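Here is the structure we will look at.
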Amino acid sequence: QVYAWILNASNNVLVLQDGLQATLPGGKPEAGESWRQTLMREVWEEARVTVTEVRYLGYQRVDGDDLWFGGQPSAQLRFAARLEAEEPCGPDPATGRTLTRLWLSPTQAVGLLGWGGPQVAAALRTLPERP
Numbered sequence: 801q802v803y804a805w806i807l808n809a810s811n812n813v814l815v816l817q818d819g820l821q822a823t824l825p826g827g828k829p830e831a832g833e834s835w836r837q838t839l840m841r842e843v844w845e846e847a848r849v850t851v852t853e854v855r856y857l858g859y860q861r862v863d864g865d866d867l868w869f870g871g872q873p874s875a876q877l878r879f880a881a882r883l884e885a886e887e888p889c890g891p892d893p894a895t896g897r898t899l900t901r902l903w904l905s906p907t908q909a910v911g912l913l914g915w916g917g918p919q920v921a922a923a924l925r926t927l928p929e930r931p
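Numbering (our numbering), first residue to last: 801 to 931.
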């Protein structure tokens, strides 16, 4: 799986909300996709944004995820990226639901997600400053 800390020109973070659940944009690769292709497709499908300046931050190992991988270990890759463009939100082809796009300060994003402080700090350090 691939997920991105997407920052806009004000260094606000994109968080997607679906009811009470909040998440970063991203998801699972389709057959034959690279991590970059997966990331670009998923952020478009879920949030209707395009990104640039994609930087690898690291990964976390996930054990026992019965929903997606039948309990087999998997890796969630984490990236930092800059917002390039955004369009009005629309339904995600995977779920048919339109997610709410929130641009939050890094502190607000970490508070809503309940995790990610070190990752968002790394994203802020990794991406070039905007004029």
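All C-beta atoms in this analysis are idealised placements derived from N, C-alpha and C, irrespective of residue type, glycine included. Every value quoted in this text rests on a predicted model; they were computed, and no experiment measured them.
Alpha carbon to alpha carbon, what distance is there between residue j and residue i?
| i | j | result |
| --- | --- | --- |
| Ser905 | Val849 | 18 Å |
| Thr895 | Glu846 | 9 Å |
| Arg855 | Val802 | 12 Å |
| Leu814 | Ala909 | 8 Å |
| Val862 | Pro829 | 16 Å |
So, using beta-carbon positions, are residue i and residue j closer together than 8 Å?
| i | j | result |
| --- | --- | --- |
| Gly826 | Leu839 | yes |
| Arg841 | Tyr859 | no |
| Arg897 | Glu853 | no |
For the alpha helix (DSSP H) that residue i lies in, which residues bound it at each end?
| i | result |
| --- | --- |
| Glu845 | Trp835 to Ala847 |
| Leu899 | Per DSSP, Leu899 belongs to no alpha helix (DSSP H) and is neither H nor E. |
Would you decide whether residue i is buried or exposed? Buried here means 16 or more other CB atoms lie within 10 Å of its CB.
| i | result |
| --- | --- |
| Leu820 | exposed |
| Gly870 | exposed |
Starting from residue i, follow the beta strand (DSSP E) in both directions and report where the run begins and ends.
| i | result |
| --- | --- |
| Gln821 | Gln821 to Thr823 |
Looking at C-alpha atoms only, which residue of the options is the closest neighbour of residue i?
| i | options | result |
| --- | --- | --- |
| Val920 | Arg836, Gln817, Leu857 and Asp818 | Leu857 |
| Trp844 | Ala875, Ala922, Leu924 and Ala885 | Ala885 |
| Trp835 | Leu924, Gly911 and Ala875 | Ala875 |
| Cys889 | Gln872, Glu929, Gly864 and Leu816 | Leu816 |
| Thr823 | Trp915, Thr907 and Pro928 | Trp915 |
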